[in-house]
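Numbering (mature numbering (1 follows the signal peptide of the UniProt record, and there is no 0)), first residue to last: -28 to -1, 1 to 442.
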């Protein structure tokens, strides 16, 4: 999701880590052999951010195609993913680069509308799209790498958005399951690791403040013409969780025994620290975790939303039926975790719950406080104003998941850092790229520490392999 690193930079730093000890940064050798023998190292990507070819070979429109074309003021420099990295045409060369870095695996997503142009089976299957993903998977396997596939990475079909409002409608569940079954059937003989969704938390951005496609929010909450920031994020993610659980049920009943794969979901969260030692801020820390991570992990583990969300959001938060709760609970073989940064949590009094309700204020935390306390950042700042480099946060998060959610199998699916583009930076400095060398070294050191404390982490994917559309 988050990194804009130069491809040469990333190539160098991962080659350094995966192939040789980082002796210059530590007195003891630290490389891939420091990790368990079965630990998987890889890099990640997503369809819209990498592929390009937005309207070629029968591909239909996604909400991100529409969003970037119709609301360019919400994108830096008004850019689109029309071309992105042109991965659609250059994937063979890119797979060779992956192999040259000694990668074990490559994480990518499947564009729903490249397979089903209008989002539903009734609109027909685009066999050119199926062929592309078959070719990509075969190329990875031929080079000795495992494909880790995300079925959905933000790009809802525009046809379904037009037809019934996309994830705002329960109709999305059946169409998503049809898409997932098609993926299992076509690719499951070679794909052994499936994520149903990437970062469902983006509902808070897509429907709460309108900065992600489809760009909906209450007009007072952002630059949106329509939406409801106090209800739609919860509705969309409720249907997403139902779609996830339904797809997992189908996979386990009809495909898993024969294909011998694993299926899960990938969640993003910050780690949070209390702004002060006050009881109010300590409770605010837990609310922050509940609203960003527990929103999904609690239903997946316990069958219901966190009590803090149910109490604060009230009747704006959808309810699971008993049958739905039973289907969602335990609907994963692994949990993917995306970690980038750590923020402070500072408690604020509740707002008037009858006026201008919003996901953003429901947490009852100070929204102007991110990673800065009393003028001092929690760690070095990155290119994005929200990203503060805080490596201990990844260990703290992993230990929290272990203790609160019964130590599930975890794959770290995204971890990375961006910096500001410097056109005239000397090639020598580009190639040295100490920012990312130190970033990955420090974070991997804390991942290893978590493993030694009993956390069941089995994979780490850097975000991302190349520059991408962000």
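Beta carbons: idealized from backbone N, C-alpha and C, even for Gly.
query, result
"My parser needs the beta strand (DSSP E) runs of 3 or more residues fully inside the stretch 409 to 433; what are they?", "none"
"Provide the residue span of the alpha helix (DSSP H) that contains residue 207, from first to last.", "204 to 226"
"Just to confirm the assignment, what range does the alpha helix (DSSP H) spanning residue 505 have?", "The chain is shown only over -28 to 442; residue 505 falls outside these bounds and no answer can be derived."
"Go ahead and label residue 299 buried or exposed: buried means 16 or more other beta carbons lie within 10 angstroms of its beta carbon, across all protein chains shown.", "buried"
"Out of curiosity, what's the CA-to-CA distance linking residue 417 and residue 69?", "25 angstroms"
"Mapping DSSP to helix, strand and coil, what is residue 364?", "helix"
"Tell me which same chain residues have a C-beta within less than 6 angstroms of the C-beta of residue 423, skipping the five on either side of it?", "429"
"Hey, residue 213 and residue 119: beta-carbon distance below 7 angstroms or not?", "no"
"Rounded to whole angstroms, what's the CA-CA distance from residue 265 to residue 411? Just pull it up for me.", "23 angstroms"
"Within the same chain, show all residues whose beta-carbon is closer than 6 angstroms to that of residue 434, passing over the 5 residues directly before and after it, in chain order.", "15 and 388"
"Relative to the C-alpha of residue 25, which candidate in 63, 77 and 8 has its C-alpha closest?", "63"
"By alpha-carbon positions, which one of 217, 112 and 399 ends up nearest to residue 303?", "217"
"Where does the unbroken beta strand (DSSP E) through residue 78 begin, and where does it stop?", "77 to 81"
"Output needed for residue 203: all residues of its chain with C-beta closer than 6 angstroms, excluding positions within five of it in sequence on either side, in chain order.", "288"
"Applying the criterion that 16 or more other CB atoms from any shown protein chain within 10 Å of the CB defines a buried residue, is residue 195 buried or exposed?", "exposed"
"Among 242, 7, 308 and 339, which residue has its Cα nearest to the Cα of residue 321?", "339"
"Measure the C-alpha to C-alpha separation of residue 179 and residue 53 and round it to an integer number of angstroms.", "21 angstroms"
"If you scan the stretch 297 to 366 from start to end, which runs of the beta strand (DSSP E) of 3 or more residues do you find wholly inside it?", "306 to 310 and 314 to 317"
"Note down, in chain order, each residue of its chain lying with its Cβ closer than 7 angstroms to the Cβ of residue 210, except the 5 sequence neighbours on either side.", "290"
"Beta carbon of residue 293, beta carbon of residue 243: below 7 angstroms?", "no"
"What residue does the alpha helix (DSSP H) around residue 280 start on, and which one ends it?", "279 to 285"
"Taking buried to mean at least 16 other C-beta atoms within 10 Å of its own C-beta, is residue 283 buried or exposed?", "exposed"
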